[in-house]
Amino acid sequence: MAIAATVPQPAAAAPREPTGKWMVDFGETQCIAQRSYGTPDKPLTLMPKAPETGGVLQLFVIRKGAVRSFAEQLDGRLRAGNAPAKQLTALAYTPPKQRFRVFLYNLPRADVAAWPTSTSLDVRAEASLREELALTGLHPLLKIMDECVADLRSHWNYTREGVPSNHRQSAMGDLTGLIRSEDYPAINIRNNQTGRVKVVLLVGADGKVADCSLTETSGVAALDAQTCVLIKDRAKLRPAIGADGRPARDVVVQAVHWLIR
Numbered sequence: 001m002a003i004a005a006t007v008p009q010p011a012a013a014a015p016r017e018p019t020g021k022w023m024v025d026f027g028e029t030q031c032i033a034q035r036s037y038g039t040p041d042k043p044l045t046l047m048p049k050a051p052e053t054g055g056v057l058q059l060f061v062i063r064k065g066a067v068r069s070f071a072e073q074l075d076g077r078l079r080a081g082n083a084p085a086k087q088l089t090a091l092a093y094t095p096p097k098q099r100f101r102v103f104l105y106n107l108p109r110a111d112v113a114a115w116p117t118s119t120s121l122d123v124r125a126e127a128s129l130r131e132e133l134a135l136t137g138l139h140p141l142l143k144i145m146d147e148c149v150a151d152l153r154s155h156w157n158y159t160r161e162g163v164p165s166n167h168r169q170s171a172m173g174d175l176t177g178l179i180r181s182e183d184y185p186a187i188n189i190r191n192n193q194t195g196r197v198k199v200v201l202l203v204g205a206d207g208k209v210a211d212c213s214l215t216e217t218s219g220v221a222a223l224d225a226q227t228c229v230l231i232k233d234r235a236k237l238r239p240a241i242g243a244d245g246r247p248a249r250d251v252v253v254q255a256v257h258w259l260i261r
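Number 34 in the UniProt record's numbering belongs to position 34 of the sequence shown; there are no gaps in the numbering.
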């Protein structure tokens, strides 16, 4: 005789609620928002960085974790509300002298369009990160971040790509040879991963790169990160010359092709 039994299924865990308000940093070189979802003992922070030129949103998830000196590329996934999950790579690293782990995702801005109407964000990076966070207050947040970006563009004398600035001379420099074959991340060589990364550089009146942000992602987290690390560390450009004849701040857009031959 067969007997059918109904086994109750465990209820899905509710998304983790925030423990603080959204805060936006109107910095000189970047616009970053952050919101806490953790406690003093177990900190967890969601931190989006808005790009100066649109294109790519960088999303950081920061939490207390095992101290590791190495960075690693992980298979990641993001899903906002009931939207289809987005498969992408994540870069996990520990900043020097810190005791927390950072998970970085690079997202085309179009992929973020549905977030303001979503109630949760499911963020994963293999077995290292599995969190579902409640999303609230995104509409006013994005408006504030857009204002921050507008101020940033004005401060750095940014015009749309391809539109001449008011400078007598734009910032310039030969970046050929800046990135060498030995700079190719080993994990990407093993996985035969290539890609094109496009970045926007904020160049100070001293010719130094004050900030590097993605405007186009390769889809490979380690290649994206390596591009900006190397450019910020090695690049020295000739500063722009303003209308008054003095060195001035400027913005340079640069594309880097990572190829395996």
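From the three backbone atoms N, C-alpha and C, an ideal C-beta is built for every residue, glycine too.
Note the first and the last residue of the continuous beta strand (DSSP E) segment covering residue i.
i, result
"Leu-202", "195 to 203"
"Thr-215", "209 to 216"
"Met-172", "Element bounds for Met-172: n/a, residue is neither H nor E."
"Asp-206", "Run containing Asp-206: none; DSSP gives neither H nor E here."
Look up residue i in the DSSP assignment and say whether it is helix, strand or coil.
i, result
"Asn-191", "coil"
"Met-1", "Here the model assigns Met-1 a pLDDT of 46, short of 50, so the residue's position is not dependable and the matter cannot be decided."
"Pro-116", "helix"
"Val-229", "helix"
"Glu-132", "strand"
"Ser-36", "strand"
"Asp-183", "helix"
"Arg-234", "helix"
"Leu-178", "coil"
Per DSSP, residue i is paired with what?
i, result
"Glu-72", "Ala-92"
"Pro-108", "Val-56"
"Leu-223", "Paired residues: none, contrary to the question."
"Ala-248", "Ala-240"
"Thr-45", "Ser-36 and Ile-62"
"Ala-259", "Strictly speaking, residue 259 in this sequence is Leu, with Ala absent from that position. Note: Leu-259 sits in no beta bridge, so no partner."
At which residues does the alpha helix (DSSP H) containing residue i begin and terminate?
i, result
"Ser-154", "138 to 155"
Report the option in the options whose CA atom is closest to the CA atom of residue i.
i, options, result
"Gly-219", "His-167, Arg-63 and Asn-188", "Asn-188"
"Val-200", "Thr-45, Trp-156, Asp-146 and Tyr-184", "Trp-156"
"residue 330", "Leu-230, Leu-129 and Val-251", "Absent from the structure is residue 330, since the part of the chain shown begins at 1 and ends at 261."
"Pro-15", "Leu-44, Ser-120 and Arg-99", "Ser-120"
Can you find a CB in chain B that lies within less than 9 Å of the CB of residue i?
i, result
"Val-229", "Within the model displayed, chain B is absent; a lone protein chain is all it includes."
The region 31 to 40 / the region 82 to 99 touching (three or more Cβ pairs under 8 Å):
Contact fails: fewer than three Cβ-Cβ distances are below 8 Å.
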